[in-house]
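A.B. asks: The structure that follows is given in the form of structure tokens.
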Amino acid sequence: MARGRQFAVRGFGVLALLLAGAAGGGCGAGKGLSSAARQPGGANACARTRPGVGAVAYTAAASNGKPERVRQGAQVVLAKLGASTVAYVADEDDGTIHVVDLGSMLELATFDAGGTPGQMMMTADNRLLVTLRDKARVQVFEPTESPTGAMVERCSIDTAAEPVGLAATPDDATLLVTSGWGHALTALDAGNLHRKFQADLPREPRSIVVSDDGAKAYVAHAVGSAMSVVDLRGDEHRARPIPLKGADELPKFRARKRMVQMAKNKRTGAEVEGNAAAEKRERTSCQGFALAKTVVPDGRVLAPQVLVESGDTREPTSGYGSADGQPSEVSDVAVIDQGSDSPFAASLVVRSTRTSPAANGPDCLLPRAAAVNPARGSLFVTCVGSDTLVEYDAASSEPHGSELRRWRVASGPTGVAIDWASGRAVVWSQYDRVLNVVTLGRGLEQELSASSEPVVRMAVSRRPARAETADLALGRRLFHASSDSRISSDGRACASCHPDGRDDTITWATPDGPRQTPVLAGRLDGTAPYAWSGTGEDVKTHLTHTFQRLRGQGLKGNELDSLVAYITQMAPPPAETATASADRSRLERGSQIFHSDEAACASCHGKNGASPDGLKHDVASRSSSDTQDDFDTPSLRFVGGSAPYFHDGRHASLRALLVASDGKMGRVSHLAPADLDALEAYVRSL
Amino acid sequence: MGRALFVLVVASGVSMAGVASGSDAAAPPGSLERASLSAIPAASPNAYAPAKSVKPPARIPAKETAAGIRVDAQTSPAPQLRITSEPDAAGATACLGLNVAMWPLFDDVQLSPQNPVTFVRVERLIEQNGNAILTLEDVFIDPRTRGARSLGITSTALKPVAAFAADAGERVYAYRDDASVHLVWRTTKQVRWHDARGASASANCGHGHLVLDAKDTNGPKSSVLAMSSSSVTGWSGKPALRQYRLTASLSKSSHDSEPILSVAVADSREPGDAQAFLGGVMSSNGNLMPVP
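As given, the protein sequences belong to chains A and B, one line each in that order.
First residue of the first sequence? That's 48 in the numbering used here, and the numbers climb one at a time after it.
First residue of the second sequence? That's 926 in the numbering used here, and the numbers climb one at a time after it.
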């Protein structure tokens, strides 16, 4: 990453090309913060200095007839600028905010976001909040008198690493921020922006919605088969999981076939389980980036996601995942009852009638943004990879089975906002850097006219690009290409298993045995060979191998080179820097242990865990279905945020791994509890 | 559930042209209408003993007949009886089924001459002057004598809840009974659908009939995948069949005081266009088959 100009490429869609020193510093490391006021010094230190001017939050009459403001973050935020409706667009690649007049489709202004913007949201007093994923802070902008809608930076608020999602409570008293890598939900007093509390969350939180009564926050997770619900009232703000695993309902003939297969499986002893597993097959869930909630009927949270069937890890398979012909991943929209915090069972069922490819086009395997149109009672979801905007019946108990319409949009749709009053959806396509305005229609006549020219596209301005950009842009598209037979035969994209270039936490059945998905972003440089079995001497070779196992036809030439370039340059997760002296001293002690001859961690994983020895070792971890005893030494970079661990994901935590591996992979039994804590903390910090 | 009120939520696809909102007037597509399901008529109380609660007679004399029901003998390919209905005044035939609870509907029913007395339900969707009713007639057929005995006939007023813009703009109607919400719609020829449990059924008579279980409302949902036989020109220039889809769900969250019925209609504006729906028919295993 140390270059004349810095590249940061996020799997999620961030292709940040920042000039060194521009926008306040480098990428990914959370350093180089701007000199702007970081924390408000008093109750009103971040309040507006120019009240009553500039853009105001978009409102539209809700079901009760009362104008409502959108209280959920997005990469597209609508506002009123005089009589015009404008869109504020968060451009991750350039680190800017674009202002586009939706009437004239002219770009009115572009201003610096101060980093890599995630979601944005307008507050009750029309300030614009922007999460900066690479800066561990939320930037606060204030409208000005400018007729272009440009805003100026007012202050910023520190958060846990990689802030992404934003939301506000219905009373506008509390602002909420999720931090992806920092796995936290931060609650801020909307008045003075002081922190109210911070709740620890499971891995990779993304979007937030607040319950209608303001008592709870629902948080989507990109990985982990669950969403979180956090109580906002009272003193306890612990996150509770809402499991979102799904199940296939198999047709009887398939169920019988599966039972026969399982009965033949002498290793698994599945004869006992066969009957129970025959009618329903469990699927984990993944790709929880977006959330929305219904308006009519109210009380339901809608969670676009993907249901994953990763195969029976007790038996080697012919590829990655099950080989029974069913798609490994299918789209889904989970419906959660706000009252009981439980999902509608029907929303998590994959009917036997839809396990074949979706009848109406490519399946939405990389859902990235969602919004509800209360005027119509429908849910809009943007799908990266298939590059579509899909409309579902939001009132259905099974929205994914009630697709109403879909539109093709420009590449990389990562944001959507609904202009209820004008009957249009505004979609931001990050990869093409295009704003799509989709006419939804409000009557039959408009519906018909909309069908002929439903999508108007406008390319936004950009900072000067470099020659490499084209290759990286192509690589990013290929990384996210779903339903591309060159990548896989069942629609899976690279980003299906590596959301944001990281891992899906899933252990897949493979020809070699169970294999836990590794993190890619920031972990490939200097860590060859690749794959747990160490069979990929370089990234290109390993990719070719991966296409085969996904039963894809493969990529060649410039396309393969571009994909390799993108994967190897993806922005690493942001590092967390210890600030307290106690933390620093503990990390120093942990480092001593890590590099000591007794613990012997560094003897294989290298200095700071970042330069593995490139060898395979037998660490007594072979499982019953593994075809080998020894495994490639992995890099430990970012290991703290990539649980579970080992090639088969057998260890849920670093502590469990350290303790269980004693004597097989280094030694820790001689360590005092405080030293073991220090070692764990150090490894977590790598 | 009894006769508890429902809230009706109707969302539409590109072609929906009508929703229930307390009147029969079609609301514009793209709108969201809510109405108490009490606006949807309850099934008329049976004026006769339901067939399922009546013990079939051992024998029905040959001379006994049921009006509008024909029992014809066929010899090819094998000896059998073919049960059909007489066309009504508009020329529409009825849909026949062998089971009250399930609705695999056909334009005829075939029975072996050796069968004992068999129950047949006969449904007729009658649309007239903007109104619609569904008549239900339960008939016992004795294949050995070709005798037929009607247990009674009842008619239920239907409420239009949605419509397709494609083809002739067929409407989707609804009524309810104690245990279910019924959706009925005119179809030109053949439909196939899948219920909430993945079972598939089909009809090749004049209408489709979908039943939503109203007892279990924590997420049950039925869906229909159907095909009309209208011949239109596809993108390839070859004749293609327009495929449409009707989905319906009945659900109740803890916020809802009563179950929510949601009906969505979508069809292919451009037959054969993969952006909308693939031109094809849904096979019994759920896979799309190419249009011949």
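C-beta atoms are modelled at their ideal positions from N, C-alpha and C, and glycine is treated no differently.
Where does N420 (chain A) fall in DSSP's three states?
C.D. replies: strand
A.B. asks: Is the Cβ of T1158 (chain B) closer than 7 Å to any Cβ of chain A?
C.D. replies: Residue confidence for T1158 (chain B) is low, a pLDDT of 47 falling below 50, so the modelled location carries little weight and cannot support an answer.
A.B. asks: Could you work out which residue in A:P164, A:M712, A:N239 is closest to D665 (chain A) when comparing CA atoms only?
C.D. replies: Out of A:P164, A:M712, A:N239, A:M712 has the C-alpha closest to the C-alpha of D665 (chain A).
A.B. asks: CA-CA distance, R549 (chain A) and L733 (chain A)?
C.D. replies: Roughly 15 Å between the two C-alpha positions.
A.B. asks: Buried or exposed for G1123 (chain B), please, with buried defined as at least 16 other CB atoms from any protein chain shown within 10 angstroms of its CB.
C.D. replies: With a pLDDT of 49 at G1123 (chain B), under the threshold of 50, the modelled position of this residue cannot be trusted; read the value that follows with caution. G1123 (chain B) should be labelled buried.
A.B. asks: Using a Cβ-Cβ distance cut-off of 7 Å, determine whether V1107 (chain B) contacts chain A.
C.D. replies: Before going on, a small fix: residue 1107 (chain B) reads as His here, not Val. No, no contact with chain A.
A.B. asks: Identify whether D141 (chain A) lies in helix, strand or coil by the three-state DSSP scheme.
C.D. replies: coil
A.B. asks: Distance check for G637 (chain A) and D724 (chain A), CA to CA, integer angstroms please.
C.D. replies: 8 Å
A.B. asks: Looking at C-alpha atoms only, which residue of A:R330, A:E200, A:H284, A:V342 is the closest neighbour of G271 (chain A)?
C.D. replies: Looking from the CA of G271 (chain A), the closest CA among A:R330, A:E200, A:H284, A:V342 belongs to A:R330.
A.B. asks: Using the DSSP secondary-structure output, state which residues sit across from T486 (chain A) in a beta bridge.
C.D. replies: A:R471
A.B. asks: Hey, R328 (chain A) and D379 (chain A): beta-carbon distance below 7 Å or not?
C.D. replies: no
A.B. asks: Rounded to a whole number of angstroms, what is the C-alpha to C-alpha distance between P501 (chain A) and V117 (chain A)?
C.D. replies: 24 Å
A.B. asks: Please report the straight-line C-alpha distance between L602 (chain A) and H592 (chain A), rounded to a whole angstrom.
C.D. replies: 11 Å
A.B. asks: Measure from the alpha carbon of D247 (chain A) to the alpha carbon of each residue in A:V257, A:A208, A:A646, A:V256, then state which is nearest.
C.D. replies: A:A208
A.B. asks: Along the chain, where does the alpha helix (DSSP H) containing L723 (chain A) start, and where does it finish?
C.D. replies: 720-732
A.B. asks: So what does DSSP say about R330 (chain A), is it helix, strand or coil?
C.D. replies: Of the three classes helix, strand and coil, the one that applies to R330 (chain A) here is strand, per DSSP.
A.B. asks: Starting from the C-beta of D660 (chain A), find all residues in its chain whose C-beta is less than 7 Å away, skip the five residues before and the five after it, and write them out in chain order.
C.D. replies: C651, G653, T680
A.B. asks: Please classify D644 (chain A) as buried or exposed, where buried requires at least 16 neighbouring CB atoms within 10 angstroms.
C.D. replies: exposed
A.B. asks: Return the chain-ordered list of same chain residues with a C-beta closer than 6 Å to the C-beta of Q493 (chain A), the five sequence neighbours on each side being excluded.
C.D. replies: Bear in mind that the predicted position of Q493 (chain A) carries a pLDDT of just 38, short of 50, making it too unreliable to give a figure here.
A.B. asks: Looking at the secondary structure, which residues open and close the alpha helix (DSSP H) in which C541 (chain A) lies?
C.D. replies: If you look at C541 (chain A), you'll find it in the alpha helix (DSSP H) that goes 541-544.
A.B. asks: Output the residue ranges of the beta strand (DSSP E) runs that lie fully inside the segment 512-578 of chain A and measure 3 residues or longer, sorted by chain position.
C.D. replies: 554-557, 560-563
A.B. asks: Would you please state the rounded distance, in angstroms, between the beta carbons of V382 (chain A) and S365 (chain A)? I believe it to be under 8 Å.
C.D. replies: That pair is no contact at about 35 Å.
A.B. asks: Return yes when at least one heavy atom of the ligand ATP lies under 6 Å from the C-beta of P190 (chain A), else no.
C.D. replies: Summarising the ligand content, the structure contains no ligands, and the ligand ATP is consequently not present.
A.B. asks: Considering just the uninterrupted stretch of the beta strand (DSSP E) at H1275 (chain B), what are its terminal residues?
C.D. replies: Only positions 926 to 1217 of chain B appear in this structure, which leaves residue 1275 (chain B) out of reach.
A.B. asks: Could you check which residue in A:G165, A:L610, A:A126 has the C-alpha nearest to that of A517 (chain A)?
C.D. replies: A:L610
A.B. asks: Quick one: list the residues of chain A neighbouring D1138 (chain B), beta-carbon separation under 9 Å, in chain order.
C.D. replies: Neighbours of D1138 (chain B) on chain A: none; closest Cβ ~11 Å, over 9 Å.
A.B. asks: What does DSSP give as the partner residue(s) for E450 (chain A) in the beta ladder?
C.D. replies: A:Y439
A.B. asks: May I have the straight-line CA-CA distance separating L718 (chain A) from L482 (chain A), to the nearest angstrom?
C.D. replies: 57 Å
A.B. asks: With a threshold of 7 Å between beta-carbons, can A1104 (chain B) be considered close to chain A, or not?
C.D. replies: no
A.B. asks: Please list the residues of the segment 1179-1192 of chain B that have a C-beta atom closer than 7 Å to any C-beta atom in chain A, keeping them in chain order.
C.D. replies: S1179, H1180, D1181, I1185, S1187, A1189, A1191
A.B. asks: So the beta strand (DSSP E) K711 (chain A) belongs to, where does it begin and stop?
C.D. replies: Neither: K711 (chain A) is in no beta strand (DSSP E) and is coded neither H nor E.
A.B. asks: Jot down the residue ranges of each uninterrupted beta strand (DSSP E) in the segment 321-395 of chain A, minimum 3 residues, whole runs only, in chain order.
C.D. replies: Segments of the beta strand (DSSP E) lying fully in the segment 321-395 of chain A: 327-333, 347-355, 376-384.
A.B. asks: Exposed or buried, A173 (chain A), counting other C-beta atoms within 10 Å across all chains shown (16 or more means buried)?
C.D. replies: Residue 173 (chain A) is actually Asn in this sequence, not Ala. That one is buried.
A.B. asks: Taking a contact to mean a Cβ-Cβ separation below 7 Å, would you say P114 (chain A) touches T106 (chain A) in this structure?
C.D. replies: yes
A.B. asks: Flag E738 (chain A) as yes if its beta-carbon sits less than 7 Å from any beta-carbon of chain B, otherwise no.
C.D. replies: This structure cannot speak to residue 738 (chain A), because chain A is shown only from 48 to 733.
A.B. asks: Residues in the same chain with beta-carbon distance under 6 Å from S687 (chain A), minus the five sequence neighbours each way, listed in chain order, please.
C.D. replies: Rather than Ser, the amino acid found at residue 687 (chain A) in this sequence is Gly. Hits under 6 Å: R731.
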